[in-house]
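Contents: one structure, followed by commentary.
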Amino acid sequence: MKMHNVVGDVFDWLKTTHEMTVPNEAELGARFDQAWQTRGAVDHGYAEDYRRIARRLVDYLVETRSRGVPAPAAPISLGWAEGEILVWPDSVVRGDKGQIVVRRVKTGKPRSNAFDDIEYTLLHLATMQTYGGSAQVEVIYLTSETTQPMELTERKLKTRSEKVQEIVRRVRAGDFPVKEEARACPRCPSFFICGDLPSGAITIKNV
319 MKMHNVVGDV FDWLKTTHEM TVPNEAELGA RFDQAWQTRG AVDHGYAEDY
369 RRIARRLVDY LVETRSRGVP APAAPISLGW AEGEILVWPD SVVRGDKGQI
419 VVRRVKTGKP RSNAFDDIEY TLLHLATMQT YGGSAQVEVI YLTSETTQPM
469 ELTERKLKTR SEKVQEIVRR VRAGDFPVKE EARACPRCPS FFICGDLPSG
519 AITIKNV
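Here is the structure:
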């Protein structure tokens, strides 16, 4: 997990400092070293192996950013009567044929059912709304060094879009029904406040 945190830290830096540019090797190396020292598994017995893998993931990430002409990856607002969702693409580029490509980056490997996640429905809807039907959504997997174009049937898109709108409606209405589970509930840190919450601010602390 710490190795992936290092990659994520460098990626956040790339998105903010080099959204439209590519860092040189010295700059990238310095930023990676900083991330590794602060967030990496520096005391692990296989620290050097993890460090080497993390650096390869970062290098591949930089390689993928050279495919296409970069464009600003501004947040996209998806609005319905039920409410609004802001979707943040990881990057946006213009391809060789002029088409817009919106990308999501994952540090792991692809899953066969990955596109069933609501995250990708939102990304697809946001892309089509902003860039039109010719735009393409693709997911880059750093561990497997693969790129997978997103594909959704119209039926699935319609069903999941309706599901998202229902989720937004329930969130805005504060509709969070209790689902009691004999195995999960006793271990839940919120076990004693499940259901109606007390008035006032509630803060979740990571221990």
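Under this note's numbering, read the sequence shown as residues 319 to 525, first letter to last. A virtual CB, placed ideally from N, CA and C, is assigned to each residue, including glycine.
For residue i: DSSP bridge partner residues
i	result
residue 467	456
residue 420	410 and 455
residue 397	402
residue 389	410
Residue j beta carbon less than 8 Å from that of residue i
i	j	result
residue 455	residue 475	no
residue 423	residue 460	yes
residue 396	residue 447	yes
residue 487	residue 439	no
residue 417	residue 453	yes
6 Å CB neighbourhood of residue i in its chain, flanking five on each side removed
i	result
residue 358	320 and 324
residue 432	none
residue 466	428 and 457
residue 309	No information on residue 309 is available, as it lies outside the stretch 319 to 525 that the chain covers here.
residue 382	458
residue 337	none
Residue i classed as buried or exposed, judged by whether at least 16 other C-beta atoms fall within 10 angstroms
i	result
residue 573	Past the boundaries of the shown model lies residue 573; the chain is included only from 319 to 525, so the question cannot be answered.
residue 407	buried
residue 370	exposed
residue 372	buried
residue 496	exposed
residue 419	buried
residue 421	buried
Cβ separation of residue i and residue j, assumed to be a contact under 8 Å, to the nearest whole Å
i	j	result
residue 412	residue 387	5 Å
residue 425	residue 347	No, residue 425 and residue 347 are not in contact; Cβ-Cβ is about 19 Å, not under 8 Å.
residue 444	residue 410	Wrong, their Cβ atoms sit about 11 Å apart, outside the cutoff.
residue 400	residue 490	7 Å
Contacting residues, own chain, Cβ-Cβ under 7 Å from residue i (five flanking each side not counted)
i	result
residue 462	427 and 428
residue 362	368
residue 328	349, 350, 353 and 376
residue 393	404, 405 and 406
Contacting residues, own chain, Cβ-Cβ under 8 Å from residue i (five flanking each side not counted)
i	result
residue 384	340
residue 480	none
Cβ-heavy atom distance, residue i to the ligand NAD, below 7 Å
i	result
residue 504	Questions concerning the ligand NAD fall outside what the structure shown contains, since it holds no ligand whatsoever.
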